[in-house]
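Protein chains: 2
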Amino acid sequence: MAGTDKSRAVEDAGGSGAVSDDGGAPAIVLIGSQLGENIGTAARAMLNCGLTELRLVAPRDGWPNEKAVAAASGADMVLDGARLFDTAADAVADLNIVYATTARRRDMLKTVLTPRRAAAEMRSAAGQGVRAGVLFGPERKGLHNDDVTLADKIIEVPLNPAFSSLNLAQAVLIVAYEWRMAGDATPAASLPHGHTQPASKQDLLHLFEHLERELDEVGFLHPPEKRPSMVRNLRNIFQRADLREQEVRTLRGVIADLSNKRRGR
Amino acid sequence: MAGTDKSRAVEDAGGSGAVSDDGGAPAIVLIGSQLGENIGTAARAMLNCGLTELRLVAPRDGWPNEKAVAAASGADMVLDGARLFDTAADAVADLNIVYATTARRRDMLKTVLTPRRAAAEMRSAAGQGVRAGVLFGPERKGLHNDDVTLADKIIEVPLNPAFSSLNLAQAVLIVAYEWRMAGDATPAASLPHGHTQPASKQDLLHLFEHLERELDEVGFLHPPEKRPSMVRNLRNIFQRADLREQEVRTLRGVIADLSNKRRGR
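These protein sequence lines map, in sequence, to chains A and B. Numbered by my numbering, the letters in the first sequence go through residues -1 to 263 in order. Numbered by my numbering, the letters in the second sequence go through residues -1 to 263 in order.
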């Protein structure tokens, strides 16, 4: 399962403190998968999102499968740790809550969730020690109704209704990605500054004044009654750019060199 | 959405404010893609999410590409409408805002967004007639820094840092999926009832009383001082199930038949 040493080793290998503890991550249960390639790409998508527990129910081409290894692009630890089951009921026996992914509506009275909502539920349940699993059916036909019946709830991805059939690994990716995002604290937007410092307002004002002095000299800020709004507009351009200290120095160099050239220096 | 005339969006560009059928969906720009298969699976992922505008910059194996068609699993309209460009600069020339997807940090002062935030921004901008595009680099190396420089902002998927390299189509899927979800109004959770009616509270109380009558007769609700809490617990089980009218009738049949059998009828 995801809380094993193996999983932690992978998560820790990045050396980033931003990685959340993925304890209690759901098991991915692939039922009757037809192509080894798809099992491999699904394993890759899982590991991309920090999931490591793969369960296979009666894969058509047997197991282990060389094509799965080739397609996994290095997600070997997921394939090596995969467990093989004869039936879906066996595969979910030790789990507490099971979700079935379906592309089409079934004539079944069962709650249907978006992947995002299911991920939020799984995150919340994992914190209480609940073990979750998500079922994915064979490539062409999807889950058999009997397998859907094993599940507590259904996950349905709200896709283009005219073209909603997802590749198996793509379906696994969306569930795994939503699981990861539900525990992710990455800022939605950031400006990675490296070792640069933001410009001070004084630096910025000196830049503006330098530019405006030169523009006054060439008569750009004309006529006088329009000067205030022209200055405001120019200043706003550079204000929006969230300039760094070094960038202000670069721009002042640009202004100085253009001006010196003009003066014939 | 499916059915959109894929060639129209570009021809209509020019600030007319005309809203395309897919609500100003972003163009997907694949730069230097190596494998036709990946272009095909990317096209499938796009159409799954209702995106139709594909732009290709110098695909390694030329264009059109039979392997792309085979891998697209029916997303032909995306491939048929794909436009070919020699350079990334040409491919983005008519766009207003461009995002670059990267798996690794660049030494560049550029805002980094999660796919979710970028999708929200693109949805919001599309409403104002802004045309957006998202750049994806070659499979192994990712975008060249010069192509990243073309972009206004960077999209970085917050994945497992030890295994963050996404398959090309998977990267396209995440961006396209977030675009779709940003405009999706599917309820996070629902119980599709079909033609069934919810049970009335009276139906439910009759069911409870029926069950408790039979249980009193066999002495299950014993000792008397525990009867109230046992009854409450049993009722809560069925309350949680959000029963339908027909299901209450089924359960009453179950109780009746079990009881009749016991009575030897």
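Quick reminder that beta carbons are idealized off the backbone N, C-alpha and C, glycines included.
Along the chain, where does the beta strand (DSSP E) that runs through residue 131/B open and close? Indexing the second sequence from 1 puts residue 131/B at position 133. Run containing residue 131/B: 130 to 134, per the beta strand (DSSP E) assignment.
Hey, residue 55/B and residue 30/B: beta-carbon distance below 9 Å or not? Taking the second sequence and counting its residues from 1, one reaches residue 55/B at position 57. Taking the second sequence and counting its residues from 1, one reaches residue 30/B at position 32. Yes, the pair counts as a contact, with Cβ atoms nearer than the cut-off.
Answer yes if the region 184 to 195 of chain A comes into contact with the region 157 to 175 of chain B, meaning at least three C-beta pairs across the two stretches below 8 Å, and no otherwise. no
Spell out the partners DSSP gives residue 108/A in its beta bridges. Counting from one through the first sequence, the residue named residue 108/A turns up at place 110. Residue 108/A is not bridged to any residue.
Give the single residue among 253/B, 141/B and 26/B whose Cα lies nearest to the Cα of residue 212/B. Translated into positions along the second sequence, residue 212/B becomes position 214. Ranking the options by Cα distance to residue 212/B, first place goes to 253/B.
Spell out whether any CB of chain A is found under 9 Å from the CB atom of residue 179/B. Position 181 of the second sequence holds residue 179/B. Yes, residue 179/B lies at the interface with chain A (some Cβ there is under 9 Å from its Cβ).
Going by C-alpha to C-alpha distance, which of 197/B, 203/B and 223/B sits closest to residue 245/B? For the purposes of this step, residue 245/B is taken as the residue at position 247 of the second sequence. The candidate whose alpha carbon is nearest that of residue 245/B is 197/B.
Could I get the ranges of all uninterrupted beta strand (DSSP E) runs contained in the region 132 to 219 of chain B, with 3 residues as the minimum, in chain order? 151 to 153
Quick one: grab the DSSP three-state call for residue 19/A. Here residue 19/A refers to the residue found at position 21 when the first sequence is read from its first residue. The pLDDT assigned to residue 19/A is 44, lower than 50, so where the model puts this residue is not dependable; a value taken from the coordinates is nonetheless given after this. Residue state, collapsed to three classes: coil.
Sort 57/A, 146/A and 22/A by Cα distance to residue 28/A and report the nearest one. Within the first sequence, residue 28/A is the residue found at index 30, counting from 1. Looking at the Cα atoms, 57/A is the closest of the given residues.
Between which residues of its own chain and residue 248/A is the CB-CB distance below 7 Å, once the five residues before and five after are set aside? Taking the first residue of the first sequence as 1, we reach residue 248/A at position 250. Cβ neighbours of residue 248/A beyond the five flanking positions: none.
If you compare alpha carbons, which of 120/A, 88/A, 65/A and 115/A is closest to residue 77/A? In the first sequence, residue 77/A corresponds to position 79, counting from 1. If we check each option's Cα against that of residue 77/A, 65/A comes out closest.
Which residues DSSP lists as bridging residue 27/B, in chain order: Here residue 27/B refers to the residue found at position 29 when the second sequence is read from its first residue. 53/B and 133/B.
Locate the alpha helix (DSSP H) running through residue 256/B, then write down its first and last residues. Sequence index remark: in the second sequence, residue 256/B carries index 258 (1-based). Residue 256/B -> alpha helix (DSSP H) spans 243 to 260.
At a CB-CB cut-off below 8 Å, which residues of chain B make contact with residue 192/A? Your numbering for residue 192/A matches position 194 in the first sequence. Within 8 Å Cβ-Cβ: 105 and 107.
Output the distance between the C-alpha atoms of residue 128/B and residue 112/B, rounded to the nearest integer angstrom. Along the second sequence, one-based indexing puts residue 128/B at 130. Along the second sequence, one-based indexing puts residue 112/B at 114. Near 20 Å, if we compare the C-alpha coordinates of residue 112/B and residue 128/B.
Would a check of beta-carbon distances place residue 1/B closer than 9 Å to chain A? Your numbering for residue 1/B matches position 3 in the second sequence. Bear in mind that a pLDDT of 35 at residue 1/B, under 50, signals an unreliable position, so the model cannot answer this.
Of the residues 98/B, 139/B, 107/B and 32/B, the one placed nearest residue 116/B, counting alpha carbons only: As a position in the second sequence, residue 116/B is number 118, starting the count at 1. Taking only the C-alpha atoms, the option nearest residue 116/B is 98/B.
What is the DSSP secondary structure of residue 13/B, reduced to helix, strand or coil? Within the second sequence, the letter at position 15 stands for residue 13/B. Note that residue 13/B has pLDDT 34, beneath the 50 cutoff, so the model's placement of it is unreliable and no number is given.
Please check if any C-beta of chain B sits within less than 9 Å of the C-beta of residue 19/A. Taking the first residue of the first sequence as position 1, residue 19/A is located at position 21. Bear in mind that a pLDDT of 44 at residue 19/A, under 50, signals an unreliable position, so the number given afterwards is only what the model happens to contain. Not one chain B Cβ lies under 9 Å of residue 19/A.
Can you look up residue 98/A in the DSSP assignment and give me helix, strand or coil? Against the first sequence, residue 98/A aligns to sequence position 100. Three-state result, residue 98/A: strand.
Using the C-alpha atoms, what's the distance from residue 121/A back to residue 39/B? Mapped onto the second sequence, residue 39/B falls at position 41. Mapped onto the first sequence, residue 121/A falls at position 123. So the two alpha carbons sit approximately 30 Å from each other.
How far does the alpha helix (DSSP H) with residue 77/A in it extend, from its first residue to its last? In the first sequence, counting from the first residue as 1, residue 77/A sits at position 79. 74 to 78 is the extent of the alpha helix (DSSP H) around residue 77/A.
Cβ closer than 9 Å: which chain B residues qualify as neighbours of residue 188/A? In the first sequence, the residue the question calls residue 188/A occupies position 190. Neighbours of residue 188/A on chain B, chain order: 109, 110 and 111.
Could you round the C-beta distance between residue 25/B and residue 70/B to whole angstroms and report it? I think they count as a contact, below 8 Å. On the second sequence, position 27 is the one that residue 25/B refers to. On the second sequence, position 72 is the one that residue 70/B refers to. About 17 Å; that fails the 8 Å criterion.
By the criterion of Cβ-Cβ separation under 8 Å, what are the contact partners of residue 156/A in chain B? Mapped onto the first sequence, residue 156/A falls at position 158. Correct list: 178, 179, 182 and 184.
Check the Cβ-Cβ distances between residue 168/B and every residue of chain A, and say whether any is below 9 Å. Working through the second sequence from its first residue, we reach residue 168/B at position 170. Interface residue, yes.
Considering only heavy atoms of the ligand MN, does any lie closer than 8 Å to the CB of residue 82/B? By its list of ligands, the structure shown contains no ligand whatsoever, and the ligand MN lies outside what it can speak to.
Verify whether the separation of the beta carbon atoms of residue 137/A and residue 234/A is less than 9 Å. Sequence index remark: in the first sequence, residue 137/A carries index 139 (1-based). Sequence index remark: in the first sequence, residue 234/A carries index 236 (1-based). No, they are not a contact pair.
What does residue 39/B touch in chain A if you count any residue whose Cβ is under 7 Å from its own? For the purposes of this step, residue 39/B is identified with residue 41 of the second sequence, where counting begins at 1. Chain A residues near residue 39/B: 165.
What does residue 43/B touch in chain A if you count any residue whose Cβ is under 9 Å from its own? For the purposes of this step, residue 43/B is taken as residue 45 along the second sequence, with counting starting at 1. Residues of chain A passing the Cβ test: 164, 165 and 168.
Would you verify that the beta carbon of residue 134/B is, or is not, closer than 9 Å to some beta carbon of chain A? Along the second sequence, one-based indexing puts residue 134/B at 136. It does not; no Cβ of chain A falls within 9 Å.
Residue 175/A: contacting residues in chain B (beta-carbon distance under 7 Å): Taking the first sequence and counting its residues from 1, one reaches residue 175/A at position 177. Simply 172.
Looking at chain A, is there any beta carbon in it that lies within less than 9 Å of the beta carbon of residue 217/B? For the purposes of this step, residue 217/B is taken as residue 219 along the second sequence, with counting starting at 1. Judged by the 9 Å Cβ criterion, residue 217/B is not in contact with chain A.
To which residues of the same chain is residue 19/A closer than 6 Å at the C-beta, ignoring the five residues directly before and after it? Looking up residue 19/A in the first sequence gives position 21. Interpretation of residue 19/A is limited by its pLDDT of 44, a score under 50 that renders its predicted location unreliable; the figure taken from the coordinates is listed afterwards. Nothing meets the Cβ criterion.
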